[in-house]
Structure formats: structure tokens, C-alpha cells
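**Student:** Can you keep this structure in mind? I'll have questions shortly.
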Amino acid sequence: MDFLLQAMFVGIIKGSIYVIIALSMVIIYKSSEVFNFAVGEFCTLGAIMFFFAARTGLPLPLVFLLFVILCGLAGMIIEKIVIQPLMGRDPLSTTLVTIGLSSFLVGLFQITIGSTPISLEIKLPVLMLEIGDLFLTSEQVWSMIFAVLAIGLLLLFYQFSRWGIIMRATAEGQVKAMVFGINTRYILTLTWAIAAIVAAMGGLVVAWSGTLTYNMGIIGLVAIPVVLVAGLDSIGGCIIGGILIGVVESLTSFYFEDATGLKGFRSVTPYLFLLIVLMIRPTGLFGQVRIERV
Amino acid sequence: MLEVKNLTVVYNGVISVLHGVSLEAREGAITALLGGNGSGKTTLMRAISGILTIYEGEIQEGNIELAKIKLNHLKAVDITKKLHLTYLMEGRPVFEYLSIRENLIAAASCRWDSAVPKDMERVLAFFPPLKNRMQSKAGYLSGGEQQMLAMGMALMTNPRFLLLDEPSLGLAPIMVKEIFKVISRINRERKIDILLSEQNAMVALRISSYAYVMENGRVVMDGSSIELIENADIQEAYLGSKDAGKKDYKEAKRYKRRKRWLG
Ligand SMILES: Nc1ncnc2c1ncn2[C@@H]1O[C@H](COP(=O)(O)OP(=O)(O)OP(=O)(O)O)[C@@H](O)[C@H]1O
Ligand SMILES: [Mg+2]
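Chains as they are written, first to last, in our numbering: chain D, 1 to 294; chain P, 1001 to 1263.
Dropping the structure here:
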């Protein structure tokens, strides 16, 4: 049982990355009912942007700033070119387009950075954590700090800032927003920019705790069970769902795989978990409570 | 002054809905637009506010001018933001998952200036019931409160001209009285010109100075509100003085239908 605490923590760290990626999907889904299947590639894009930003040799805070700006711009450009022409159509068309976008980006990344894995060097102070049986590497601690920061900032922005409020209003009804003078076109572009930045932060943590490869966007696939478990449009659900899946995955690898010799079984667990949840609650665990007055 | 001249509107390129509608809404006044279901009131307001294209509608002929500026091809956002004309859609267009405060902030976003906090106080003064529920979600408010909030949001856009589309829809008589009192006050105290569409002819005629009656996409009658209140045809068609029974039945049916839509 000495492993339990360790397994839980590793799971939470892993899960918080899932949360970030899923949140990126959810804010787009809420605003336009489009399911962004290219979210994994947005992660890769972020890691690549960081790689290039770091090569400028600027001090770390400026590198971060540059990284955020580049990712936001990339999100805006993608929205302008790929998404906006389809505005007003069935969200399903746009969703299908994001699948195409995903393949296109993978190809583009392979041309840009090649097929050899790159390791991202970020010079951060060493922060190891050792309490009793629990041991976390500096990278794990930083991942956690980074994830909490990313999620927290997004929530603060989305829930409390004026732009966040306007984004939520637009998500509820574009025509309604428009007659109150809200430039909904601009807000949708902004939504994609924010989603790109959020996914990029997830990608940065993934690449940093492993390596940067052109096809690391596969991680985006795990966001799908998280988002579905959460119920598609619930931000709070995403956070709980993501962590839950991270922990389940980690517990499986610590206990189940070793005991049964089924190596790699953990990659299946998010989907297995999703299956079980959807069998019991087809709307997901936390789908936004519909407001209905009688 | 808002002028609509000879306006013809079609939906989907074929369904003709307005056939040469002309009207004027004078400065400083409340102008009423009366008409039954499907007479074209909402369509006219969509055309004025620039959102017709969203409903696959199109202005085929005619002109819409606000203070001599042609609105026909302007974008909805610009009409609200730059020309200060705000259309308050029918059926209480609030953002249900946002709190009252957030709703007001969202509506003020098109003119975000230093006067917003002060203006919010001023707007809330018109609607005391909203004041102590600032954090509740709009979706949980009563119909009357939602209509107040919607009007508050329209005020937050800092309009000089308001289009109000059936503000009394589905509200209890007491609430209707309350809302119309505020509409009248807004017109006087904030110097906002108003075009008010209503099926509830009597209340609308009482607070307006001039009125138009629409039927099947045409203006069939107009005159000062006092004149119209006394007009026998109007009384028969809208105020139910002759055929009270028939009208009640129609009202009841309409209400049921509305309820189904909104429910
Ligand atoms: N998007 C649309 N496409 C096609 N026809 C439409 C559309 N919207 C409205 N219509 C038609 O236009 C006519 C006028 O409708 P409109 O909504 O303008 O009437 P209204 O006077 O506002 O009625 P109500 O009092 O019921 O709100 C109706 O016959 C309606 O069926
Ligand atoms: Mg109408």
C-alpha cells in the first residue's frame, strides 16, 4: 500500500494535463457546438512555438510571453482561415473540418521539425518533493504548478473578466449577443485564440516532461473521454473528470498491469471508464444543469 | 427620427412578408406598432436592426433611415454601437446562464467606457426588484423580472432609439402595467425615442403618441393614439369592446401557443 499515495499523485499530475486539453475543447464547444478534433495538434503547436521562442535566447519570462502571443495568433489565424468560412453552417461540418485540420497540421509539423524527438530544456529551479513514501521529481512538481496556473488563469478569465463574460454570453446566443452590440465574429476568433493558448500550455507540459515530437498530438485523444465524461459543456466537470481519469489510469498501471502482466493496459482505461460512465449516465457526469422553470 | 419608406421584405427569396410598409417614429415620442400574429411587426424590427439576413430575409425595396442615415446595408453591431439604435427582441432575450450583473455587463460591452458603473446604478434604479438579486442567474428569474432585465440590458447599450418587440408578452396584467410605466419613464427621463410593437393595443395606445396598425405585412391604419383609442374599428379588432367573447378565445389560444414555444 506504500504505492497508493505515489500512484494518486502521479495520476493527478497526468490528469491535470488532460484537464487543460479538455478545457480547450470545452470552451470551443460551448461557443459554437463544434468539437475540435485538432486539439491535440494545438498542443503540439504550442510545444513547437515554445521551442522556437526559447531559441531566441530571451529571458524565460519573455519567452513565455512570446509563446503565449504566438499561440494566440496561431489560433486566430486558424479560425479566420478554416473555421470562419463555415460560420452559420451545421456545427457538424466544422467538426469534420477539424479532423482534416488535424491531419494537415501533423504533416506541417513533420516538415517543420522533422521526425526526431526533441527535448525541451527549460531552466527552472529544482523543486523535488519527498514526504515519507511520496517522491515527486522536479518536473512533476513543475507540471503540477504549471497546470494549476493554467487552469486557474483560464477560470479567472472565463468567469470573471469582462471578455470572459462576453464570451459566455455569445456562447448562449449569437443573435441575442449581436443585438446588444457584441461583435460575435470577433468573439469567436477570440475564443479560438484562448483555446489555442490553453491547449498549448498542455502541450508544453507534455513535451517538457517527455519529448517534443511532431505526432505527440495523440494525447488529444484522451481529451475526448474526459470531455464526454464531463458532459461536453461543463468546466467544473472537466476538472473533476480529467483528474479522475488520470488517477484511474495511474492506479491501473501501478497495480493492475504489474499484477496481470498486461502491459499498456492503462492507455485503454480512459475509454473503458468512459464506457462505464456513459452506460450509467448517458449525459455524462456533470452536463450543465439546464435551467428550466415551471 | 426613424423613417421607413415603402419597405418590402422577403424570406428565403420567395416568401413575401412586408409589402411596402412606410412609417415614421418621431423624435422624443413613443410610437406604437399594433398588429396580430404574423402581421410582420418582428420582421420590420429585424429589418431596421440589421439582423434580417440571419433569418434568411432580405430587403427587396425601400429605405430605412435613422436621422437621415440609411440603415439598409449596415451591420447589426454598427447599428447598435455607432448609431445607438438597440432592438430588444421579443421573448425576453436575456442570457440565462449569466447572473443579472453579468448580463448587464455583457450588454454594456459595446460601449465600455468609464461611465458604465454609474450607468448601471441609474439603470437599476428603474428596476428595484433586480437590485438585490444581482448574483442570481437570469434563467431563474420570473418572467416579469426577465423582461425588466432585458430592458435594463437594452439601456446599458446606451441607446438613443429603442425598438421594443412585444414587451408585455406572457406577463400578468400587473406586471404589464409596471413594465409600461417604466417604458414611459425611460422615454421621458432618458430622452430615448421608442418604437413599441404590441398586440396588447390598449396599454400601448395609452403610453404612445402615435400608432400604426399592421395586417398581413401592410400598414392598414395610422393616427394619433388618442384618435385610435376612439376609433370603432380598432375597438372591435383589438380592444374587444364588441366581440369580447371571441377575442378572449383568440387570446387564450395565442397564450397557449406561446407557452408551448417558450416552455
Ligand atoms: N425566418 C422566416 N422565414 C420565413 N418566414 C418567416 C420567417 N420569420 C417570419 N416569417 C413569416 O413572416 C410573417 C410575419 O412574421 P412576424 O414574426 O414578423 O410577425 P409578428 O407580427 O411579429 O407576429 P407575432 O405577433 O406573432 O410575433 C409570418 O407569416 C411568419 O410566418
Ligand atoms: Mg413578433
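Note that beta-carbon positions come from the ideal geometry of N, C-alpha and C, so glycine has one too.
Does at least one heavy atom of ligand 2 sit under 7 Å from the Cβ of D1165(P)?
**Tutor:** Taking the second sequence and counting its residues from 1, the one referred to as residue 1165(P) is at position 165. D1165(P): yes, Cβ under 7 Å from ligand 2.
**Student:** Could you spell out where the alpha helix (DSSP H) holding D1078(P) opens and where it closes?
**Tutor:** Numbered from 1 along the second sequence, position 78 holds the residue referred to as residue 1078(P). Start and end: A1076 to K1081.
**Student:** The beta strand (DSSP E) with K176(D) in it runs from where to where?
**Tutor:** Within the first sequence, numbered from 1, the residue matching residue 176(D) stands at position 176. No beta strand (DSSP E) contains K176(D), which is instead part of the alpha helix (DSSP H) from Q174 to V179.
**Student:** Flag V248(D) as yes if its beta-carbon sits less than 8 Å from any beta-carbon of chain P, otherwise no.
**Tutor:** In the first sequence, residue 248(D) corresponds to position 248, counting from 1. No, because no Cβ of chain P sits closer than 8 Å to the Cβ of V248(D).
**Student:** Using alpha carbons as the reference points, say which of I235(D), A150(D), L274(D) and T94(D) lies closest to L221(D).
**Tutor:** Position 221 of the first sequence holds residue 221(D). Among I235(D), A150(D), L274(D) and T94(D), the Cα nearest to that of L221(D) belongs to L274(D).
**Student:** Assuming contact is defined by CB atoms lying nearer than 8 Å, are G11(D) and L285(D) in contact in what I supplied?
**Tutor:** As a first step, residue 11(D) must be located in the first sequence, where it is residue number 11. As a first step, residue 285(D) must be located in the first sequence, where it is residue number 285. Contact: no.
**Student:** Assign K1092(P) to buried or exposed, taking buried as 16 or more other Cβ atoms, counted over all protein chains shown, within 10 Å of its Cβ.
**Tutor:** Within the second sequence, numbered from 1, the residue matching residue 1092(P) stands at position 92. Residue identity differs from the one stated: residue 1092(P) is Arg in this sequence, not Lys. So R1092(P) ends up on the buried side.
**Student:** Please list, in chain order, all residues of the same chain as L86(D) whose beta carbon is under 7 Å from its beta carbon, the five residues on each side excluded.
**Tutor:** Your numbering for residue 86(D) matches position 86 in the first sequence. S93, T94 and V97, listed in sequence order.
**Student:** With burial defined as no fewer than 16 other Cβ atoms inside 10 Å of the residue's Cβ, what is the status of V282(D): buried or exposed?
**Tutor:** Start at 1 with the first residue of the first sequence, and residue 282(D) comes out as number 282. It should be noted that the sequence gives Pro, not Val, for residue 282(D). Label assigned to P282(D): exposed.
**Student:** At a cut of 8 Å, does the segment 249 to 265 of chain D reach the segment 34 to 43 of chain D through at least three beta carbon pairs?
**Tutor:** Touching, no.
**Student:** Report the CB separation of S1208(P) from A1032(P) in whole angstroms; it is logged as a contact under 8 Å.
**Tutor:** Here residue 1208(P) refers to the residue found at position 208 when the second sequence is read from its first residue. Here residue 1032(P) refers to the residue found at position 32 when the second sequence is read from its first residue. Yes, S1208(P) and A1032(P) are in contact; Cβ-Cβ is about 4 Å, under 8 Å.
**Student:** Given E1121(P), which residues of its chain have a CB within under 8 Å of its CB, disregarding the five upstream and five downstream residues?
**Tutor:** Position 121 of the second sequence, counted from the start, is the residue given in the question as residue 1121(P). Closer than 8 Å at the Cβ level, and outside the excluded window around E1121(P), lies no residue.
**Student:** Starting from the N-terminal side, write out each stretch of the alpha helix (DSSP H) that is 4 residues or longer and does not extend beyond the segment 83 to 130 of chain D.
**Tutor:** Counting only runs of 4 or more, we get 91 to 113.
**Student:** Say the cut is 7 Å; is the CB of K1041(P) nearer than that to a heavy atom of ligand 2?
**Tutor:** By 1-based counting over the second sequence, the position of residue 1041(P) is 41. Within the cutoff, so yes.
**Student:** Cα-Cα, which of S253(D), L272(D) and V277(D) is closest to R266(D)?
**Tutor:** What you label residue 266(D) is simply residue 266 of the first sequence in a count that begins at 1. Among S253(D), L272(D) and V277(D), the Cα nearest to that of R266(D) is on S253(D).
**Student:** Using DSSP bridges, identify the partner residues of E1198(P).
**Tutor:** Reading the second sequence from its first residue, position 198 is the one you call residue 1198(P). Looking at the DSSP assignment, E1198(P) forms a beta bridge with L1034(P).
**Student:** With a cut-off of 8 Å, does the C-beta of M216(D) fall near any C-beta of chain P?
**Tutor:** Along the first sequence, one-based indexing puts residue 216(D) at 216. Judged by the 8 Å Cβ criterion, M216(D) is not in contact with chain P.
**Student:** Can V1017(P) be considered in contact with ligand 1, in the sense that its beta carbon sits closer than 7 Å to one or more heavy atoms?
**Tutor:** Within the second sequence, the letter at position 17 stands for residue 1017(P). True, at least one ligand heavy atom lies under 7 Å from that Cβ.
**Student:** What first and last residue would you give for the alpha helix (DSSP H) that runs through G46(D)?
**Tutor:** Locating residue 46(D) in the first sequence gives position 46, counting from the first residue. Segment V39 to R55, the alpha helix (DSSP H) holding G46(D).
**Student:** Can you find the residues in the same chain that come closer than 6 Å, C-beta to C-beta, to N1200(P), ignoring five residues on each side of it along the sequence?
**Tutor:** Against the second sequence, residue 1200(P) aligns to sequence position 200. Contacts found: S1168.
**Student:** May I ask you to report which of helix, strand or coil DSSP gives D258(D)?
**Tutor:** Counting from one through the first sequence, the residue named residue 258(D) turns up at place 258. Three-state result, D258(D): helix.
**Student:** Quick one: what's got a C-beta closer than 8 Å to E41(D)'s C-beta in the same chain, skipping five residues either side?
**Tutor:** Reading the first sequence from its first residue, position 41 is the one you call residue 41(D). The residues are L101, S102, L105, V106, F109, G217 and G220.
**Student:** Could you please tell me which residues of the segment 1193 to 1206 of chain P, in chain order, have their CB closer than 7 Å to any CB of chain D?
**Tutor:** Residues passing the 7 Å Cβ filter: none.
**Student:** What are the boundary residues of the beta strand (DSSP E) that E1090(P) is part of?
**Tutor:** For the purposes of this step, residue 1090(P) is taken as residue 90 along the second sequence, with counting starting at 1. Premise fails: E1090(P) is in no beta strand (DSSP E) and is neither H nor E.
**Student:** Does K1242(P) come within less than 8 Å of chain D when only Cβ atoms are used?
**Tutor:** Against the second sequence, residue 1242(P) aligns to sequence position 242. Summary for K1242(P): the model assigns pLDDT 43, below 50, so the residue's position carries little reliability; its value from the coordinates is reported in the next sentence. Chain D, which has no Cβ nearer than 8 Å to the Cβ of K1242(P), makes this no.
**Student:** At least one CB of chain D closer than 8 Å to the CB of T1080(P): is that the case?
**Tutor:** As a working mapping, residue 1080(P) is identified with position 80 in the second sequence. Yes, T1080(P) counts as interfacial toward chain D.
**Student:** Please work out which residues of its chain come closer than 8 Å, Cβ to Cβ, to R1185(P), disregarding the five sequence neighbours upstream and downstream, and give them in chain order.
**Tutor:** Reading the second sequence from its first residue, position 185 is the one you call residue 1185(P). Correct list, in chain order: F1126.
**Student:** Please classify K1068(P): does DSSP put it in a helix, a strand, or coil?
**Tutor:** Taking the first residue of the second sequence as position 1, residue 1068(P) is located at position 68. DSSP places K1068(P) in coil when its eight states are reduced to three.
**Student:** Which one of Y1140(P), L1088(P) and T1157(P) has the shortest CA to CA distance from K1041(P)?
**Tutor:** Taking the first residue of the second sequence as 1, we reach residue 1041(P) at position 41. Measuring from the Cα of K1041(P), the nearest candidate turns out to be L1088(P).
**Student:** In whole angstroms, what separates the C-alpha of I235(D) from that of E1189(P)?
**Tutor:** Position 235 of the first sequence, counted from the first residue, corresponds to residue 235(D). Position 189 of the second sequence, counted from the first residue, corresponds to residue 1189(P). For I235(D) and E1189(P), the distance between alpha carbons rounds to 43 Å.
**Student:** By the DSSP assignment, the alpha helix (DSSP H) with T1043(P) in it spans what residues?
**Tutor:** If you number the second sequence from 1, residue 1043(P) lands on position 43. Note, T1043(P): alpha helix (DSSP H), K1041 to S1049.
**Student:** Can you tell me which of the three DSSP states M300(D) falls into?
**Tutor:** Here chain D comprises residues numbered 1 to 294, so residue 300(D) is not present and cannot be evaluated.
**Student:** The beta strand (DSSP E) with V206(D) in it runs from where to where?
**Tutor:** Taking the first sequence and counting its residues from 1, the one referred to as residue 206(D) is at position 206. Unbroken run through V206(D) is the alpha helix (DSSP H), T184 to S209; no beta strand (DSSP E).
**Student:** For S1049(P), go through chain D and note every residue whose CB falls closer than 8 Å to its CB, in chain order.
**Tutor:** Taking the first residue of the second sequence as 1, we reach residue 1049(P) at position 49. Within chain D, the residues near S1049(P) are V179.
**Student:** Consider the C-beta atom of Q1199(P) and the heavy atoms of ligand 1; say whether any pair is separated by less than 7 Å.
**Tutor:** Counting from one through the second sequence, the residue named residue 1199(P) turns up at place 199. Because some heavy atom of ligand 1 lies under 7 Å away, the Cβ of Q1199(P) counts as near it: yes.
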